[in-house]
Amino acid sequence: MSRILAAPDVTVRRVTHPPGDHFFGYYEKTPWSPCGTRLLGMRAGFRDRQPGPKDEIELGLIDPEGLAPFEPFATTNAWCWQQGTMLQWVPGTTDRVVYNRRRAGRFEGVVHDLSTGEKRSLERAAYAVDPRGRYAIGLNFARLATHRPGYGYEGVADPGAHEEAPTRDGVWTIDLENGRAVLALSLGEIVGMDPDASMARQIHWLNHAQINTDGSRVAVLHRWQPSDGPRQTRLVTLAPDGSDARVIWEARLVSHYDWRSTDEILAWGGAPVAPNAFWRVSDVGAEPRAFAPDVLTEDGHCSYSPDRAWIANDTYPDSQNLRRLMIVRAADGLRVDLAAFHAPPELAGPLRVDLHPRWNRDGTALSVDSVHEGTRQMYTVDLRAALAAAADIPVRVHVDS
6 MSRILAAPDV TVRRVTHPPG DHFFGYYEKT PWSPCGTRLL GMRAGFRDRQ PGPKDEIELG
66 LIDPEGLAPF EPFATTNAWC WQQGTMLQWV PGTTDRVVYN RRRAGRFEGV VHDLSTGEKR
126 SLERAAYAVD PRGRYAIGLN FARLATHRPG YGYEGVADPG AHEEAPTRDG VWTIDLENGR
186 AVLALSLGEI VGMDPDASMA RQIHWLNHAQ INTDGSRVAV LHRWQPSDGP RQTRLVTLAP
246 DGSDARVIWE ARLVSHYDWR STDEILAWGG APVAPNAFWR VSDVGAEPRA FAPDVLTEDG
306 HCSYSPDRAW IANDTYPDSQ NLRRLMIVRA ADGLRVDLAA FHAPPELAGP LRVDLHPRWN
366 RDGTALSVDS VHEGTRQMYT VDLRAALAAA ADIPVRVHVD S
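In this text, residue positions in the sequence shown follow the numbering used here: the first is 6, and each later residue adds one.
In structure tokens form, the structure reads like this:
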């Protein structure tokens with residue numbers, strides 16, 4: 006039986022300050038620099054509406070102690086509240102970052118050297134970056150803006166907007182050295198994998214691309230909205246060149262996920278083939294297994310610590326409008342509750358401020374976004390006391406070995 010521990014002495018520190026609303030965005034990237042002395046973040050001048058084509062945000066560096074002011078280095082008008090502009094460090098470098106921008110009527114990625122100021126364009130907007138820094142995966146942010154508001158960018162028309170599953174759109178692989186993008190797997194090809202009647206005459210799109218721990222496999226969510234009934238989702242994986250593509254789970258409710266290893270994913274979902282829970286889903290054909298369903302009872306933004314020993318997770322607002330932050334021991338499902346943050350009910354839907362917990366480089370702290378003090382700001386959560394308390398509780402049942 007998994008257990009729940011209330012963590013002692015958890016220090017939550019605000020590291021950004023008004024004026025302006027600051028955030029980082031999604032949960033599967035780390036804002037911490039390779040040396041751990043800087044955080045990446047974004048600053049917006051409003052919080053109560055969706056960004057339009059003319060709205061820019063500033064990208065900048067943040068002091069992890071919250072003592073120095075926000076240090077801007079660029080602006081972009083390709084962004085959204087939930088995922089920002091996909092700002093992230095380039096693995097294997099100390100001063101290079103990737104983000105997206107709109108230029109000459111299209112969305113493109115940028116590799117920006119913060120030490121020299123040099124910027125190199127990528128042919129497509131980037132979503133996820135290979136952990137070895139060789140390539141990025143790109144998706145169609147114009148299509149997302151239409152079919153998943155809050156996750157796409159405004160200001161560019163989707164050339165395949167009226168096509169159900171374009172063959173000229175899909176998963177793009179982008180070379181980070183020369184900037185060239187190749188269509189690895191089209192939407193048309195994905196829809197043709199094990200199709201069923203619910204897919205016919207529907208608009209399809211892709212979201213939430215992630216790359217596994219050694220860069221050898223890519224995961225992406227394939228989604229469509231039937232004319233009647235809930236949105237449908239499939240979890241698809243492929244090699245970076247588009248080969249060996251497959252649907253790895255028969256569930257049609259798949260939400261947040263993270264790669265545990267080169268060949269296993271932790272994902273929320275299950276219906277209609279299984280109860281909704283966090284499931285360990287194999288990329289090589291093993292049967293899915295539920296993970297700690299007695300303590301992880303609702304969807305959240307899950308991510309593994311750098312050593313894969315812990316899983317950070319959060320919740321959506323409860324009846325008291327509180328979002329809860331936790332870590333869960335991967336070996337036995339021991340849950341450590343860290344803190345709860347108030348979520349103003351007026352910031353809902355695409356405007357909501359999810360915690361989106363993100364690990365630092367050594368697994369001793371998390372970064373979260375929150376609006377509990379009235380403005381959207383970034384915070385760090387020191388985990389050392391919580392990890393020390395958990396270390397005194399023996400592992401009881403191995404559920405993730």
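Glycine included, each C-beta is placed from N, C-alpha and C at the ideal position.
Taken atom to atom, the span from the alpha-carbon of S287 to that of E76 is near 42 Å.
Taking 8 Å as the cut-off, the Cβ atoms of T242 and R228 do not count as close. E76: member of the beta strand (DSSP E) spanning 76-81, first to last residue. The beta-carbon separation of I179 and L127, rounded to 5 Å, stays under the 8 Å limit for a contact.
In this structure, the CA atom of V386 is about 28 Å from the CA atom of H117.
The beta strand (DSSP E) runs lying completely inside the region 101-172 and spanning 3 residues or more are 101-108, 111-118, 124-127, 140-143, given in chain order.
Sequence-distant Cβ neighbours of R108 in its own chain, meaning closer than 8 Å and more than five residues away, are S126. DSSP assignment within the region 346-394 yields the following whole beta strand (DSSP E) runs of 3 residues or more, N-terminal first: 370-375, 382-387. It is roughly 13 Å from the alpha-carbon of D201 to the alpha-carbon of Q230. For the pair N318 and G338, the CB atoms are not nearer than the 8 Å cut-off. Taking a C-beta distance under 8 Å as the contact criterion, T320 and R313 do not qualify as a contact pair. The closest CA to that of P277, considering only Q237, D263, E61, is found on Q237.
In this structure, A147 lies near Y158, with their beta-carbon atoms less than 8 Å apart. Under the three-state reduction of DSSP, G274 is assigned to strand.
For V241, no alpha helix (DSSP H) segment is defined; the enclosing uninterrupted segment is the beta strand (DSSP E) at 237-243. A check of alpha carbon separations from D359 across Y32, A189, V134 identifies Y32 as the nearest.
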